[in-house]
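*Asks:* If you scroll down you'll find the structure; I have some questions about it.
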Amino acid sequence: MSFNQDHLGIIQAKLSSGETASTCHEASLMQGCVCASRILALVEHEGEWALFIFISSRMPPEVFTDLAIERVIPIDNDFKCEIDAGEQSVDVYVNSRKLKLLFKMIPSIKTNNFVSEIMRSMEDLTKRRDPPPEFQWLHKYSGSSTSSRNKTDCESATTDITEDDASKEKMLDLDSPDIVVSRHSVAQGANPIAARENVIQHQMSLKENDYTYTQILRVFIGTWNVNGLPPTSSLTPWLASDMEPPDIYAVGFQELDLSKEAFLFNDTPREEEWRRSVIAALHPGANYKQVALVRLVGMMLILLVQEKHEKHVRNAAFETVGTGIMGKMGNKGGVAIRMEIHNTSMCFVNSHLAAHVEEFERRNQDYHDICSRLSFSKFSPPKVIDKHDQIYWLGDLNYRITEMEPRIVRDLISHNSLGALLECDQLNRQRSQKNVFSGYREGPITFKPTYKYDPGTDDWDSSEKNRAPAWCDRILWKGDGMDQKEYRSHPILRTSDHKPVSAMFESQVRVIDVVKYRRVHEEVLKKLDKLENEFLPQVTVDNTEIIFDVVRYLEAQSQELIIANTGQVPVQFGFIKKPDDSKFCKEWLNIDPAVSFIMPGEKCDVKLEVCVDKKSASKLNCGEDKLYDILVLHLEGGKDIFITVTGNYERSCFGSSIEALVHISVPVREISIGRLVELEKGEPPGGMEPYPIPKEIWFLVDHLYRHGLKKQNLFLLPGLNSELIAIRNWLDNGSSEPLPGSLHSIAEALLLLLESTAEPIVPFNLHSVCLGAASNYLQCKQIVMQELPEYRKNVFLYLCFFLQELLSHANENGLDAKTLATVFGGIFLRDPPRLSARGRGNLTAMDRKKASFVYHFLVNDLSDYVTSKVLHLGPTT
Amino acid sequence: MANRGGAAQRPNSQTQGKICQFKLVLLGESAVGKSSLVLRFVKGQFHEYQESTIGAAFLTQTVCLEDTTVKFEIWDTAGQERYHSLAPMYYRGAQAAIIVYDITNMDSFGRAKVWVKELQRQASPNIVIALAGNKADLANSRAVECDEAQAYADENGLLFMETSAKTAKNVNEIFLAIAKKLPKNEQVSGAGSANQGRRLVESDSSAKTAGNCCK
Numbered sequence: 001m002s003f004n005q006d007h008l009g010i011i012q013a014k015l016s017s018g019e020t021a022s023t024c025h026e027a028s029l030m031q032g033c034v035c036a037s038r039i040l041a042l043v044e045h046e047g048e049w050a051l052f053i054f055i056s057s058r059m060p061p062e063v064f065t066d067l068a069i070e071r072v073i074p075i076d077n078d079f080k081c082e083i084d085a086g087e088q089s090v091d092v093y094v095n096s097r098k099l100k101l102l103f104k105m106i107p108s109i110k111t112n113n114f115v116s117e118i119m120r121s122m123e124d125l126t127k128r129r130d131p132p133p134e135f136q137w138l139h140k141y142s143g144s145s146t147s148s149r150n151k152t153d154c155e156s157a158t159t160d161i162t163e164d165d166a167s168k169e170k171m172l173d174l175d176s177p178d179i180v181v182s183r184h185s186v187a188q189g190a191n192p193i194a195a196r197e198n199v200i201q202h203q204m205s206l207k208e209n210d211y212t213y214t215q216i217l218r219v220f221i222g223t224w225n226v227n228g229l230p231p232t233s234s235l236t237p238w239l240a241s242d243m244e245p246p247d248i249y250a251v252g253f254q255e256l257d258l259s260k261e262a263f264l265f266n267d268t269p270r271e272e273e274w275r276r277s278v279i280a281a282l283h284p285g286a287n288y289k290q291v292a293l294v295r296l297v298g299m300m301l302i303l304l305v306q307e308k309h310e311k312h313v314r315n316a317a318f319e320t321v322g323t324g325i326m327g328k329m330g331n332k333g334g335v336a337i338r339m340e341i342h343n344t345s346m347c348f349v350n351s352h353l354a355a356h357v358e359e360f361e362r363r364n365q366d367y368h369d370i371c372s373r374l375s376f377s378k379f380s381p382p383k384v385i386d387k388h389d390q391i392y393w394l395g396d397l398n399y400r401i402t403e404m405e406p407r408i409v410r411d412l413i414s415h416n417s418l419g420a421l422l423e424c425d426q427l428n429r430q431r432s433q434k435n436v437f438s439g440y441r442e443g444p445i446t447f448k449p450t451y452k453y454d455p456g457t458d459d460w461d462s463s464e465k466n467r468a469p470a471w472c473d474r475i476l477w478k479g480d481g482m483d484q485k486e487y488r489s490h491p492i493l494r495t496s497d498h499k500p501v502s503a504m505f506e507s508q509v510r511v512i513d514v515v516k517y518r519r520v521h522e523e524v525l526k527k528l529d530k531l532e533n534e535f536l537p538q539v540t541v542d543n544t545e546i547i548f549d550v551v552r553y554l555e556a557q558s559q560e561l562i563i564a565n566t567g568q569v570p571v572q573f574g575f576i577k578k579p580d581d582s583k584f585c586k587e588w589l590n591i592d593p594a595v596s597f598i599m600p601g602e603k604c605d606v607k608l609e610v611c612v613d614k615k616s617a618s619k620l621n622c623g624e625d626k627l628y629d630i631l632v633l634h635l636e637g638g639k640d641i642f643i644t645v646t647g648n649y650e651r652s653c654f655g656s657s658i659e660a661l662v663h664i665s666v667p668v669r670e671i672s673i674g675r676l677v678e679l680e681k682g683e684p685p686g687g688m689e690p691y692p693i694p695k696e697i698w699f700l701v702d703h704l705y706r707h708g709l710k711k712q713n714l715f716l717l718p719g720l721n722s723e724l725i726a727i728r729n730w731l732d733n734g735s736s737e738p739l740p741g742s743l744h745s746i747a748e749a750l751l752l753l754l755e756s757t758a759e760p761i762v763p764f765n766l767h768s769v770c771l772g773a774a775s776n777y778l779q780c781k782q783i784v785m786q787e788l789p790e791y792r793k794n795v796f797l798y799l800c801f802f803l804q805e806l807l808s809h810a811n812e813n814g815l816d817a818k819t820l821a822t823v824f825g826g827i828f829l830r831d832p833p834r835l836s837a838r839g840r841g842n843l844t845a846m847d848r849k850k851a852s853f854v855y856h857f858l859v860n861d862l863s864d865y866v867t868s869k870v871l872h873l874g875p876t877t
Numbered sequence: 001m002a003n004r005g006g007a008a009q010r011p012n013s014q015t016q017g018k019i020c021q022f023k024l025v026l027l028g029e030s031a032v033g034k035s036s037l038v039l040r041f042v043k044g045q046f047h048e049y050q051e052s053t054i055g056a057a058f059l060t061q062t063v064c065l066e067d068t069t070v071k072f073e074i075w076d077t078a079g080q081e082r083y084h085s086l087a088p089m090y091y092r093g094a095q096a097a098i099i100v101y102d103i104t105n106m107d108s109f110g111r112a113k114v115w116v117k118e119l120q121r122q123a124s125p126n127i128v129i130a131l132a133g134n135k136a137d138l139a140n141s142r143a144v145e146c147d148e149a150q151a152y153a154d155e156n157g158l159l160f161m162e163t164s165a166k167t168a169k170n171v172n173e174i175f176l177a178i179a180k181k182l183p184k185n186e187q188v189s190g191a192g193s194a195n196q197g198r199r200l201v202e203s204d205s206s207a208k209t210a211g212n213c214c215k
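Going down the list, the sequences are from chains A and B.
Every letter in the first sequence is one number past the one before it in the UniProt record's numbering, and letter 632, counting from 1, is 632.
Every letter in the second sequence is one number past the one before it in the UniProt record's numbering, and letter 12, counting from 1, is 12.
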């Protein structure tokens with residue numbers, strides 16, 4: 001684990017002033033079967049502690065902008081932390097209110113320390129004598145941050161399930177250990193394929209042994225510091241000294257070119273010279289293909305595989321990191337190539353670490369810098385060196401032999417007493433102190449130090465500096481199934497002041513058995529299908545046939561539909577539109593709630609209310625529409641359920657046309673439905689002489705005329721619904737009793753009767769003509785007398801006469817012509833349906849024109865062109 | 001071979017192949033066995049008394065082909081005639097359809113032909129249609145001859161099989177045949193296929209080009 005306490009500073013930079021990160025640690029957050037890397041930090045503010053969970057864009061983080069706060073959990077009385085320490089991992093269960101999280105950590109002293117710090121902070125809480133902590137300093141983290149990834153949880157937010165998918169995914173129920181997929185994301189169909197592929201990949205990697213077998217590949221690793229010189233002799237003694245040809249070659253050089261040009265422009269002819277030299281000296285027993293070549297100034301790495309393996313190599317990539325001058329330049333640092341061969345990932349790192357005897361700590365730092373900064377960025381998430389099955393690390397690591405006179409060193413070497421020297425080798429010492437290359441192994445060194453020779457000879461450095469010999473050039477490895485067979489130097493190559501070093505490995509790679517792979521893959525997919533289907537939203541409804549018995553005008557009825565969430569995931573349901581419909585239900589139906597959310601095991605009562613009013617009555621009356629609708633109840637991310645709603649509508653004079661009503665001499669309920677529909681269709685009426693106006697209008701107006709002329713605010717105050725229903729029954733059924741209801745209810749019944757017709761008194765086709773003529777009385781008069789259909793003209797004039805009569809009692813009833821003109825303007829000149837659906841911008845101007853149209857007929861003398869018959873002739877009872 | 005630092009490949013691309021996702025709808029008269037076929041295919045189960053579907057059930061199932069993996073999003077629709085007007089909600093945007101009839105019921109075969117016509121007129125032009133003569137286990141009471149159905153399917157370019165949800169005969173086979181026939185010219189990109197709202201009403205049916213596995 002390359003993450004360590006040094007990164008506390010980076011975390012501190014992410015916090016506000018007054019908040020102190022006391023310790024931090026890397027952990028894997030388990031999300032179902034997927035684990036995600038996180039950084040945990042314990043943060044203190046004035047004696048209050050909180051656990052911060054960070055997501056880092058790279059691991060370990062380098063600057064604070066790499067970090068995003070995922071969650072903040074206050075360590076309060078609700079905070080619980082349980083530890084399950086195993087050999088493989090330390091499982092830390094964090095529990096706060098409804099939030100449950102499981103972190104896996106690698107067993108180590110650091111992990112122990114971190115966990116005990118959490119425990120200590122919890123103890124602090126119990127010892128506390130002050131009032132309970134309030135954690136106000138955490139509130140700033142609970143708001144929505146810059147991105148959904150930054151979504152944090154504080155006290156209130158931890159219990160909420162928000163709309164935010166990202167945060168939902170994290171709300172995993174650890175009580176169900178068999179859940180191996182992120183159920184919310186599956187249920188909601190969020191980004192399904194990507195999520196699916198991750199799960200599939202993870203599952204497949206867990207079952208790797210079921211579909212792979214082991215194959216041994218010979219891996220040759222070579223490293224040589226060539227001191228800026230061109231090749232002078234064949235590299236065969238170095239690269240092809242073994243009997244059998246290697247399967248893989250990774251050959252690294254340092255100090256390929258020491259010129260300024262190479263340093264400044266990273267360009268050198270040496271690259272091609274040495275590459276050719278390598279190619280020319282490869283083992284003659286096989287053909288090789290170059291996988292990649294990477295160079296940073298003087299550090300070059302070539303990776304080759306035998307031709308027969310080429311088709312099994314995938315995802316090759318290379319990266320470089322400079323750690324030289326200013327910590328960035330390429331005179332020191334590392335270059336790396338990674339690939340997957342069959343099902344095993346390999347990473348080869350060639351590094352040239354800081355020079356000078358005393359600078360071993362600088363060398364350690366270079367190593368750590370390379371580990372943390374080198375990541376193969378073309379992958380998502382980027383792959384770091386450590387995330388490979390097998391890592392081969394070679395190079396001029398520059399560690400020296402210290403605390404020994406150069407003369408004694410040479411003496412011991414000449415007596416072949418390497419043991420004593422190896423004890424003084426800095427790399428061995430630093431490794432045993434776990435300061436560098438932790439987890440790496442190195443084979444026993446049986447060859448003489450590879451540095452420093454007089455070029456062209458096998459003689460130790462004879463310059464003034466008289467440097468002590470050292471094993472600068474090394475090969476280390478990390479991973480399973482790697483067996484080093486050879487580790488040696490090649491003194492016969494005398495070009496440089498270093499001798500080349502090589503190692504031969506027999507490494508196990510996992511080879512995919514295609515037939516077995518397919519079988520396992522199919523199993524995984526089937527399992528995933530099963531889970532996905534199980535976690536689809538499921539509900540039951542108590543009734544899919546909602547039947548309303550008799551439905552009457554203006555009499556609302558309701559029934560309840562119970563939707564129970566019988567599935568395992570929260571359900572978002574909603575009624576949705578059918579093809580070609582503008583709304584999810586007919587206008588006579590009202591659904592509440594039409595959209596809602598149900599938790600598993602819970603239910604939701606949906607109220608279905610049928611109410612036939614002035615908008616829907618005429619269609620139902622004339623048979624154009626029926627009380628029949630199929631509702632589509634859609635579960636978000638799941639199935640649809642059809643709910644059928646039916647009822648019997650009892651026809652009424654409300655909703656009947658003026659033309660039909662004048663042909664009916666009996667109460668509407670007394671004639672057959674068929675007859676009513678025929679009349680609405682305008683079929684030739686037979687029998688009776690039609691009334692000049694509908695008797696229902698006459699009944700209502702006559703009542704108002706006789707009893708209501710002095711009533712204040714007539715037509716301005718609403719009636720009572722119960723009285724309106726009584727009036728409706730009286731009109732529809734006929735009665736010998738007097739008309740029921742208050743004057744206001746009767747006045748409203750009259751307005752409703754006029755508003756419930758399919759077309760208003762002024763037919764829709766005359767609507768705009770009338771508005772255009774509104775300022776001119778003569779034109780208005782002409783339209784009314786010549787254009788209005790006969791019976792509607794009668795009703796229009798009849799009502800205007802009545803309104804004039806009302807206005808003649810203005811001192812008692814307080815009414816005025818303008819007010820009445822406004823009320824009746826809206827009714828006589830009701831907007832055509834498509835017009836009323838439009839914007840409301842011109843509405844007031846239009847209302848004014850309507851009022852002005854009617855106003856003429858309220859203030860001018862109508863007697864000259866109206867037959868007295870209209871006003872005074874009612875039904876002959 | 002030059003350096004392979006180019007385009008990122010999917011891990012295990014050799015063996016895993018690409019994943020394509022298709023919307024498949026089942027249509028047919030009431031009680032011919034649509035839900036039973038799906039239940040057999042997805043869960044390997046059969047219920048003698050399968051409840052009538054009132055709505056449109058939704059399930060997913062993956063089938064692996066030689067080089068690709070096909071994930072079906074299956075919409076199993078209600079067969080009752082009164083729900084007929086709602087069917088376009090489910091077949092619009094579908095890349096595949098199974099029209100089911102009951103081999104013991106001649107009327108259901110007639111209804112199947114009407115469905116075929118409707119799909120040919122209204123559904124995506126490249127939709128893959130399969131005709132399934134279900135209840136093949138009841139061959140004793142057969143009312144629709146296999147040859148007749150086969151001839152009809154050939155005329156109309158349909159896949160055809162007699163199936164039995166009860167005995168599992170040809171159930172996996174018919175889905176597999178559809179999977180093979182579906183065009184897999186474009187690969188589903190992992191990220192960004194957020195348009196899997198499963199709802200395919202008019203507005204987004206235009207965004208989905210028929211025949212692609214991508215959405």
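Every residue, glycine too, gets a C-beta built ideally from N, C-alpha and C.
The model shown is predicted, which means the values in this text are computed figures rather than measured ones.
Taking Cβ positions, are A:Glu-560 and A:Asp-529 nearer each other than 8 Å?
*Replies:* Locating residue 560 of chain A in the first sequence gives position 560, where the first residue counts as 1. Locating residue 529 of chain A in the first sequence gives position 529, where the first residue counts as 1. No; because the gap between Cβ atoms is not below 8 Å, this pair is not in contact.
*Asks:* Cβ of A:Leu-536 within 8 Å of Cβ of A:Gly-638?
*Replies:* If you number the first sequence from 1, residue 536 of chain A lands on position 536. If you number the first sequence from 1, residue 638 of chain A lands on position 638. Going by C-beta atoms, A:Leu-536 is nearer than 8 Å to A:Gly-638.
*Asks:* With the cut-off set at 8 Å, would you say B:Tyr-91 and B:Asn-134 are in Cβ contact?
*Replies:* Here residue 91 of chain B refers to the residue found at position 91 of the second sequence. Here residue 134 of chain B refers to the residue found at position 134 of the second sequence. No; because the gap between Cβ atoms is not below 8 Å, this pair is not in contact.
*Asks:* Spell out the partners DSSP gives A:Arg-295 in its beta bridges.
*Replies:* On the first sequence, residue 295 of chain A is found 295 positions in, with the first residue counted as 1. According to DSSP, A:Arg-295 bridges with A:Met-300.
*Asks:* Which chain A residues are close to B:Tyr-83, counting only those with a beta carbon under 8 Å from its beta carbon?
*Replies:* Taking the second sequence and counting its residues from 1, the one referred to as residue 83 of chain B is at position 83. In chain order: Ile-630, Phe-642.
*Asks:* Under three-state DSSP, which class holds A:Ala-355?
*Replies:* Numbered from 1 along the first sequence, position 355 holds the residue referred to as residue 355 of chain A. Three-state DSSP puts A:Ala-355 in coil, outside helix and strand.
*Asks:* For chain B, check one thing: does any of its Cβ atoms lie closer than 8 Å to the Cβ of A:Pro-382?
*Replies:* Position 382 of the first sequence holds residue 382 of chain A. Judged by the 8 Å Cβ criterion, A:Pro-382 is not in contact with chain B.
*Asks:* With distance defined between alpha-carbon atoms, name the residue in A:Lys-452, A:Ile-475, A:Val-520, A:Ser-372 nearest to A:Lys-465.
*Replies:* Position 465 of the first sequence, counted from the first residue, corresponds to residue 465 of chain A. The shortest Cα separation from A:Lys-465 among A:Lys-452, A:Ile-475, A:Val-520, A:Ser-372 belongs to A:Lys-452.
*Asks:* Give me the Cβ distance between A:Glu-805 and A:Tyr-705, rounded to the nearest whole Å; I'm assuming they're in contact under 8 Å.
*Replies:* Position 805 of the first sequence holds residue 805 of chain A. Position 705 of the first sequence holds residue 705 of chain A. Between A:Tyr-705 and A:Glu-805 the Cβ distance is about 7 Å, and since that is below 8 Å, they are a contact.
*Asks:* Within 8 Å of any Cβ in chain B, is that where the Cβ of A:Asn-227 sits?
*Replies:* The count along the first sequence starts at 1 and reaches residue 227 of chain A at position 227. Taking Cβ atoms only, chain B never reaches closer than 8 Å to A:Asn-227, which makes this a no.
*Asks:* Between the beta-carbon of A:Asp-549 and the beta-carbon of A:Gly-655, is there less than 8 Å?
*Replies:* Here residue 549 of chain A is taken as the residue at index 549 of the first sequence, counted from 1. Here residue 655 of chain A is taken as the residue at index 655 of the first sequence, counted from 1. No. Outside cutoff.
*Asks:* Rounded to a whole number of angstroms, what is the C-alpha to C-alpha distance between B:Val-38 and A:Thr-544?
*Replies:* Your numbering for residue 38 of chain B matches position 38 in the second sequence. Your numbering for residue 544 of chain A matches position 544 in the first sequence. About 22 Å.
*Asks:* What are the boundary residues of the beta strand (DSSP E) that includes A:Cys-604?
*Replies:* The residue labelled residue 604 of chain A in the question sits at position 604 within the first sequence. Start and end: 603–610.
*Asks:* Using a Cβ-Cβ distance cut-off of 8 Å, determine whether B:Gly-157 contacts chain A.
*Replies:* Residue numbering aside, residue 157 of chain B sits at position 157 when the second sequence is read from its first letter. Closer than 8 Å: no.
*Asks:* Which residue from A:Tyr-649, A:Ala-594, A:Pro-444 puts its Cα closest to that of A:Tyr-553?
*Replies:* The count along the first sequence starts at 1 and reaches residue 553 of chain A at position 553. If we check each option's Cα against that of A:Tyr-553, A:Tyr-649 comes out closest.
*Asks:* Output the boundary residues of the beta strand (DSSP E) element that contains A:Ser-417.
*Replies:* Taking the first sequence and counting its residues from 1, the one referred to as residue 417 of chain A is at position 417. Where A:Ser-417 is concerned, there is no enclosing beta strand (DSSP E), given that its DSSP letter is neither H nor E.
*Asks:* Indicate whether the contact test is met: 3 or more Cβ pairs, each with one atom in the segment 460–477 of chain A and one in the segment 365–382 of chain A, closer than 8 Å.
*Replies:* Touching, no.
*Asks:* Since A:Leu-125 and A:Asp-91 are thought to touch, with beta carbons under 8 Å apart, how far apart are those beta carbons, to the nearest angstrom?
*Replies:* For the purposes of this step, residue 125 of chain A is taken as residue 125 along the first sequence, with counting starting at 1. For the purposes of this step, residue 91 of chain A is taken as residue 91 along the first sequence, with counting starting at 1. Contact flag wrong, Cβ pair sits at about 23 Å.
*Asks:* Taking DSSP as the reference, what is the three-state secondary structure of B:Met-106?
*Replies:* Indexing the second sequence from 1 puts residue 106 of chain B at position 106. Reduced to three states, the DSSP call for B:Met-106 is helix.
*Asks:* Excluding the 5 residues preceding and the 5 following A:Ala-800 in the sequence, name in chain order all residues of the same chain whose CB lies nearer than 7 Å to its CB.
*Replies:* Mapped onto the first sequence, residue 800 of chain A falls at position 800. The sequence given here has Cys at residue 800 of chain A, not Ala. Once the five neighbours on either side are set aside, the close Cβ partners of A:Cys-800 are Phe-857, Leu-858, Leu-862.
*Asks:* Closest by CA to A:Glu-48, which one among A:Gly-18, A:Lys-104, A:Leu-29, A:Val-357?
*Replies:* Numbered from its first residue, the first sequence carries residue 48 of chain A at position 48. Checked all of A:Gly-18, A:Lys-104, A:Leu-29, A:Val-357; the closest Cα to A:Glu-48 is A:Gly-18.
*Asks:* Would you say the segment 624–633 of chain A touches the segment 652–669 of chain A, given that touching needs at least three Cβ pairs under 8 Å?
*Replies:* The segment 624–633 of chain A, when compared against the segment 652–669 of chain A, does not touch it at the 8 Å Cβ threshold.
*Asks:* Excluding the five sequence neighbours on either side, which residues of its own chain have a C-beta within less than 7 Å of the C-beta of A:Ala-355, listed in chain order?
*Replies:* Counted from its first residue, the first sequence places residue 355 of chain A at position 355. If we look at A:Ala-355 and ignore the five residues flanking it on each side, its Cβ neighbours are Asn-398.
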